[in-house]
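**Student:**
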Amino acid sequence: MISHSTLLSKVSALLRCGTPELHQFARALCQRNLSSLPVESQSALDSRSGFLWTLPKTVSIYEVGPRDGLQNEEQQVPVEVKVGLIQKLLESGLKTIEATSFVSPKWVPQLADAAEVLARIPRPEGVRFPVLTPNMKGYSNAVKAGAREVAVFGAASEAFSQKNTNCSIKESLERFRPILQAAESDGVAVRGYVSCAVGCPYQGAVSPAAAAAVAGELYDMGCYEVSMADTTGVGTPATVVAMIEEAKKVVPTERLAAHMHDTYGQALANILAAMQCGVAVIDSSVAGLGGCPYARGATGNVATEDVVYMLEGLGIRHGVSMGALLEASDYISQALGRESASRAARALL
């Protein structure tokens with residue numbers, strides 16, 4: 028088997044020749060030999076510049092299907108189905124599953140059964156079940172129901188914040204401070220989300236500095252991790268890299284996560300770009316559940332199956348059984364009466 032250094036030398040030489048045929052051959056050569064390389068040194072080459080990039084050797088998947096995936100479903104999903112989905116996701120080896128949201132039933136009737144879902148799901152050791160809590164009332168209800176981890180979210184867009192919470196970004200973040208203080212006292216972990224980290228349906232592009240500022244505030248308030256969310260899926264690898272690199276200035280890289288939507292078919296490319304920046308926590312949703320209500324033709328969250336398939340191909344450890352994950356995907360797709368949005372699931376099932 029060709030050595031790592033020899034492989035890179037030969038591929039770089041081929042790429043410098045510049046013909047499409049040699050580019051194709053170089054990529055094939057790299058792919059054939061990549062599986063034999065130590066995970067720590069796995070790499071790939073940009074076909075034009077020969078730029079070498081490295082990837083995390085292990086990635087953690089943060090499953091959001093039961094919460095972010097189901098919250099916009101028009102048909103009421105029975106508690107039994109929600110619990111069954113979480114059980115099947117557990118069987119796949121996922122270690123973090125966002126179970127539900129303690130939000131007002133008036134605004135999200137689909138999740139009015141949050142306390143019942145949390146009470147009925149199994150709680151194996153080593154698995155986390157965070158829940159979304161938009162305000163102090165939601166936090167209190169979540170803790171009463173047995174939640175040991177919660178999530179809060181702030182927008183990087185002033186227009187989005189005003190439209191959805193009727194207050195400024197600064198005011199919305201201040202509303203979370205009592206939650207963080209109570210959580211510290213209660214021993215409850217808190218995760219932060221930055222929505223509209225790349226673009227906003229009302230104002231358009233969002234600057235990396237604006238997204239990073241919100242991320243820094245959430246981290247400084249006590250969030251153990253901050254997930255940077257391309258809420259409308261308008262991001263590209265270039266805009267995602269710019270946003271992540273700016274966020275890294277105020278939040279340690281190991282405390283950042285990527286939450287990508289696939290509205291324009293960019294989610295996997297954007298996740299790969301985020302991993303190139305050192306991000307090793309990826310949010311995803313089984314069967315691609317969860318539509319984005321802000322853009323026409325949106326396809327919602329990136330599918331967990333598609334992420335796992337990509338990670339497998341890259342040789343990155345993730346701890347998820349694709350077979351069991353496909354069973355979970357098929358289960359919820361049948362329950363909802365439609366085909367899975369995951370391309371990998373459609374190809375493999």
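Numbers in my numbering are just positions in the sequence shown, counted from 1, shifted up by 27.
All residues carry an ideal CB built from backbone N, CA and C; glycine is no exception.
(1) Nearest by alpha-carbon distance to Tyr291: which of Val278, Asn191, Thr127, Gly262 is it?
(2) Assuming Gly249 and Glu211 form a contact by the criterion Cβ under 8 Å, report the distance between their Cβ atoms to the nearest whole angstrom.
(3) Which same chain residues end up closer than 6 Å to His286 when comparing Cβ atoms and leaving out the 5 residues on each side of it in sequence?
(4) Say whether the stretch 186 to 200 touches the stretch 220 to 232, bearing in mind that this needs 3 or more beta-carbon pairs closer than 8 Å, one atom from each stretch.
(5) Answer with buried or exposed for Leu340, where buried requires no fewer than 16 other C-beta atoms within 10 angstroms of its C-beta.
(6) Taking DSSP's pairing of strands, which residues face His380 in a bridge?
(7) Is the Cβ-Cβ distance between Gly378 and Asn99 less than 9 Å?
(8) Report buried or exposed for Tyr251, applying the criterion of at least 16 other Cβ atoms within 10 angstroms of its Cβ.
(9) Would Val267 and Asn297 be called neighbours here (beta carbons separated by less than 9 Å)?
(10) Output needed for Met163: all residues of its chain with C-beta closer than 7 Å, excluding positions within five of it in sequence on either side, in chain order.
(11) Taking Phe203 as the reference, give the member of Gly219, Asp213, Val215, Arg373 with the closest Cα.
(12) With DSSP collapsed to three states, give me the class of Phe180.
(13) Could you please give the first and the last residue of the uninterrupted beta strand (DSSP E) stretch that includes Ser195?
(14) I need the boundaries of the beta strand (DSSP E) containing Gly214, first residue and last residue.
(15) DSSP state of Arg16, grouped into three classes?
(16) Would you list the one or two residues that DSSP bridges to Gly231?
(17) Between the stretch 356 to 363 and the stretch 135 to 143, do three or more beta carbon pairs fall short of 8 Å?
(18) Going by the beta-carbon positions, is the gap between Pro407 and Thr127 smaller than 9 Å?
(19) Go to Tyr89, then tell me how far its beta strand (DSSP E) extends in each direction, as first and last residue.
(20) By Cβ distance below 7 Å, which residues in the same chain neighbour Gly214 in space, the five residues on each side in sequence not counted?
(21) Is the CB-CB distance between Gly346 and Leu121 below 9 Å?
(22) Just to confirm before moving on: does the CB-CB distance between Pro83 and Val306 stay below 9 Å?
**Tutor:** Walking through what the data contain:
(1) For the residues Val278, Asn191, Thr127, Gly262, the minimum Cα distance to Tyr291 belongs to Gly262.
(2) With 8 Å as the limit, Gly249 and Glu211 qualify as a contact, their Cβ atoms being about 6 Å apart.
(3) When the five nearest sequence neighbours on each side are left out, the beta carbons in the same chain lying within less than 6 Å of the beta carbon of His286 are those of Ser254, Ala256, Asp310, in order along the chain.
(4) Cβ pair count under 8 Å is three or more, so yes.
(5) In the sequence under discussion, the amino acid at residue 340 is Gly, which differs from the Leu named in the question. By the neighbour-count definition (other C-beta atoms within 10 Å, threshold 16), Gly340 is an exposed residue.
(6) In this structure the chain extends from 28 to 376, so residue 380 is not present and cannot be described.
(7) Here the chain has residues from 28 to 376 only, and residue 378 is not among them.
(8) The residue is exposed, with fewer than 16 neighbouring Cβ atoms inside 10 Å.
(9) Going by C-beta atoms, Val267 is nearer than 9 Å to Asn297.
(10) Excluding positions up to five away in sequence, the list reads Pro205, Ile206.
(11) Nearest of Gly219, Asp213, Val215, Arg373 to Phe203, Cα basis: Gly219.
(12) If DSSP states are grouped into helix, strand and coil, Phe180 belongs with the strands.
(13) Per DSSP, Ser195 belongs to no beta strand (DSSP E) and is neither H nor E.
(14) If you look at Gly214, you'll find it isn't in any beta strand (DSSP E); DSSP assigns it neither H nor E.
(15) The question about residue 16 has no answer, for the chain in this structure spans 28 to 376.
(16) BP columns for Gly231 point to Cys227.
(17) Taking one beta carbon from each stretch, the stretch 356 to 363 and the stretch 135 to 143 have fewer than 3 pairs nearer than 8 Å; the two do not touch.
(18) The requested residue 407 is not part of the displayed model; the chain covers only 28 to 376.
(19) Annotation for Tyr89: the continuous beta strand (DSSP E) segment containing it runs 87 to 90.
(20) Cβ neighbours of Gly214 beyond the five flanking positions: none.
(21) For Gly346 and Leu121, yes; Cβs fall inside 9 Å.
(22) For Pro83 and Val306, yes; Cβs fall inside 9 Å.
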